[in-house]
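In my numbering, the protein residues as written are 70 to 561. Yeah, the Cβ is synthetic: ideal placement off N, Cα and C, and Gly gets one too. So the structure is just underneath, and the comments pick up after that.
Okay, structure coming up:
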């Protein structure tokens, strides 16, 4: 049996990092971790290939080789997935699909032969058994959640690692919180499920032995959901693992209560974490109450961010506008918070209602869901009717994006962040990739770019004030270029 696992294309978004990737000669930011894990769940005697259309074209000869096509992806990849399904069907291929996109809206994919929904560790073995017995069903659902201690190591041998900016690993699934707009708990539940530290180290060993010595993204939706296990098991194991692993750094996603635990912050820093994405959403308590973001309430969010930065972790922040509680003053409050906090990467999006969330159910009852969920909350669109009116919301959103990513304000925010950041204990060596990024940024941003004055000012300031962070200053300048290009394309 020849199985072709296909990963659909991402549109240009903040998360695609398309314009930044050009500086380091990479094709995609992250590998298709879900499909690589699915590949490891397939029978050993089956031949497997992966086609990630974000790094290489899907050719007719690829489809001719295959007996079946497995397609997985997220909601933002919907259009590409539909095109791929149509190509597979035209070639007479059986199509098996799964992952968050298909689990959230299976009714929209009638052309798929077999929908393997929820977690593949549970549903995929049933499909395989039925295929071997000649009686496959169209839809497979899981009665509960899987035990991650039975999840195999991803099939890293199926991809060319040098095409990617970072590798990915998963330690846990599930989140104890219950934010109204978030579909994580609908997909993975409230009770955090963990891999053992031995599993994680085995996966890291596999990556390192395969030649990957760069950054690694822990893709957990809330990495700190089980603080006790982190502090007593995983982080000490990572600290030991990194002793002779030059270049390996980690980043992840977590909730703001990370700031409440100095011991955890210090352990993450020593383990090699240098960045954490945190859902701030809004500095307004009323909005946080509305969306049930209880973990962000009754705290000084600004100081929490600075606490995390001073511990050595860059905070990437998620922000949302379009809550029912938002007013016309909300937009300037968001701008002020982002600037004062020094959150360089501020992912500001318009509120959307993903299917399966309590927000979707509530707004559907109110007849306020008006279109399909795009999966990209930073494209200036929404699938709901906002209380303040769509035109007012879009005007306010545009004002935020145009200001925070204008060169003058962006580079000022970078300096605010670098002033706060604790420098890393171990600096990554200057390799060919980083050297080329420096040369290219000097030309495209320092000579050709509209931001060239701000660019050179930042580098000179960093060399004088924070010389150990010079490499990071280059990186953030390149990120700013990417964010501005995305704003120019989507925020009119």
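Rounded to whole angstroms, what is the Cα-Cα separation between residue 289 and residue 175? The C-alpha of residue 289 lies about 24 angstroms from the C-alpha of residue 175.
Return the Cβ separation of residue 368 and residue 489 in integer angstroms, given the expectation that the two are a contact with Cβ distance under 8 angstroms. About 18 angstroms separates the CB atoms of residue 368 and residue 489; that is not less than 8 angstroms, and the two are not in contact.
According to the neighbour-count rule (16 or more other Cβ atoms, all chains shown, within 10 Å of its Cβ), is residue 133 buried or exposed? Exposed: under 16 other Cβ atoms inside 10 Å.
Label residue 492 either buried or exposed according to how many other C-beta atoms from any shown protein chain fall within 10 Å of its C-beta, with 16 as the threshold for buried. Residue 492 is exposed by the Cβ-count criterion.
Does the pairing of the region 336–343 with the region 393–405 give three or more beta-carbon distances under 8 angstroms? Result no; under three Cβ-Cβ pairs closer than 8 angstroms.
Quick test of your reading: residue 292 and residue 262, contact by CB under 8 angstroms. State the CB separation rounded to the nearest angstrom. Going by Cβ atoms, the distance from residue 292 to residue 262 rounds to 13 angstroms, so no, they are not a contact pair.
Expressed to the nearest angstrom, what Euclidean distance is found between the alpha-carbon atoms of residue 641 and residue 336? Any question about residue 641 goes unanswered here, given that the chain covers just 70 to 561.
State the DSSP-derived secondary structure class of residue 193, mapped to helix, strand or coil. The three-state reading of DSSP puts residue 193 in helix, counting H, G and I together.
Report yes or no: do three or more beta-carbon pairs, one from the region 345–365 and one from the region 380–397, lie closer than 8 angstroms? The answer is yes - the region 380–397 touches the region 345–365, with three or more Cβ pairs under 8 angstroms.
Could you have a look at residue 126 and say whether DSSP puts it in helix, strand or coil? In the structure shown, residue 126 adopts coil according to DSSP, grouped into three states.
Could you check if residue 235 is buried or exposed, using at least 16 other CB atoms within 10 Å of its CB as the buried criterion? With 16 or more other Cβ atoms from the protein chains shown falling within 10 Å of its own Cβ, residue 235 counts as buried.
Give the DSSP-derived three-state secondary structure of residue 339 in the structure shown. Correct three-state label for residue 339: helix.
Count the other CB atoms, across all protein chains shown, that sit within 10 Å of the CB of residue 301; report buried if there are 16 or more and exposed otherwise. Counting C-beta atoms within 10 angstroms of its own C-beta, residue 301 has fewer than 16 neighbours from the protein chains shown and is therefore classed as exposed.
Over what stretch of residues does the alpha helix (DSSP H) that includes residue 321 continue unbroken? Taken as a continuous stretch (DSSP letters only), residue 321 belongs to no alpha helix (DSSP H), being part of the beta strand (DSSP E) at 318–323.
Within 10 Å of its beta-carbon, does residue 27 have 16 or more other beta-carbons around it, so buried, or fewer, so exposed? A question about residue 27 goes unanswered here, because the residues of the chain that appear run from 70 up to 561.
Taking Cβ to Cβ, would you say residue 486 is nearer than 8 angstroms to residue 438? No. Outside cutoff.
Suppose contacts are defined by Cβ-Cβ distances below 8 angstroms. Is residue 470 in contact with residue 356 by that definition? In this structure, residue 470 keeps its C-beta atom at 8 angstroms or more from the C-beta atom of residue 356.
Report, in whole angstroms, the separation of the C-beta atoms of residue 209 and residue 170, which I expect to be a contact under 8 angstroms. Contact check for residue 209 and residue 170: beta-carbon distance about 16 angstroms, past the 8 angstroms limit, so the pair fails to qualify.
I want to check one thing, is the minimum distance from the CB of residue 531 to the heavy atoms of the ligand COA below 7 angstroms? For the ligand COA, the structure offers nothing, since it holds no ligand at all.
Please identify the residue among 473, 392, 108 and 122 whose C-alpha is closest to the C-alpha of residue 459. For residue 459, the nearest C-alpha among the options comes from 392.
When burial is assigned at 16 or more other CB atoms within 10 Å of the CB, is residue 506 buried or exposed? In summary, residue 506 is buried, with 16 or more beta-carbon neighbours lying within 10 Å of its beta-carbon over all protein chains present.
Span of the alpha helix (DSSP H) around residue 504: Residue 504 -> alpha helix (DSSP H) spans 501–513.
Does the Cβ of residue 179 have 16 or more other Cβ atoms within 10 Å, making it buried, or fewer, making it exposed? Burial call: exposed.
Alpha helix (DSSP H) runs wholly inside the region 432–492, at least 4 long, in chain order: Within the region 432–492, the complete alpha helix (DSSP H) runs of at least 4 residues are 459–473 and 476–489.
3 or more residues per run - each beta strand (DSSP E) lying fully within the region 355–406: If we require 3 residues or more, the beta strand (DSSP E) runs fully inside the region 355–406 come out as 383–390.
Select from 409, 398, 399 and 127 the residue whose C-alpha is nearest the C-alpha of residue 370. Of 409, 398, 399 and 127, the residue nearest in Cα terms is 409.
How many angstroms separate the CA atom of residue 443 from the CA atom of residue 421? The alpha-carbon atoms of residue 443 and residue 421 are separated by roughly 8 angstroms.
Over what stretch of residues does the beta strand (DSSP E) that includes residue 73 continue unbroken? Annotation for residue 73: the continuous beta strand (DSSP E) segment containing it runs 71–76.
Assuming residue 333 contacts residue 296 under a Cβ cut-off of 8 angstroms, what Cβ separation, rounded to an integer in Å, is found between them? For residue 333 against residue 296, the beta-carbon gap comes to about 6 angstroms, under 8 angstroms, which counts as contact.
Hey, out of 512, 425 and 523, whose CA is closest to residue 248's CA? The option with the nearest alpha carbon to residue 248 is 425.
Just to confirm the assignment: which complete alpha helix (DSSP H) runs, minimum length 4, are found wholly within the region 102–148? Under the rule that a run must span 4 or more residues, the alpha helix (DSSP H) segments found entirely inside the region 102–148 read 102–110 and 129–134.
Cα-Cα, which of 237, 165, 91 and 201 is closest to residue 282? Of 237, 165, 91 and 201, the residue nearest in Cα terms is 237.
By the three-class DSSP mapping on this structure, what secondary structure does residue 314 have? Here residue 314 sits in coil by DSSP.
Quick one, which of 122, 127, 193 and 139 has its alpha-carbon nearest residue 72's? Of 122, 127, 193 and 139, the residue nearest in Cα terms is 139.
Is residue 119 closer than 8 angstroms to residue 104 when the C-beta atoms are compared? Result yes, Cβ atoms of residue 104 and residue 119 sit closer than 8 angstroms.
Kindly confirm or deny that the region 75–90 and the region 137–151 touch, where touching means at least three C-beta pairs closer than 8 angstroms. Touching, yes, given that three or more Cβ pairs across the two stretches are closer than 8 angstroms.
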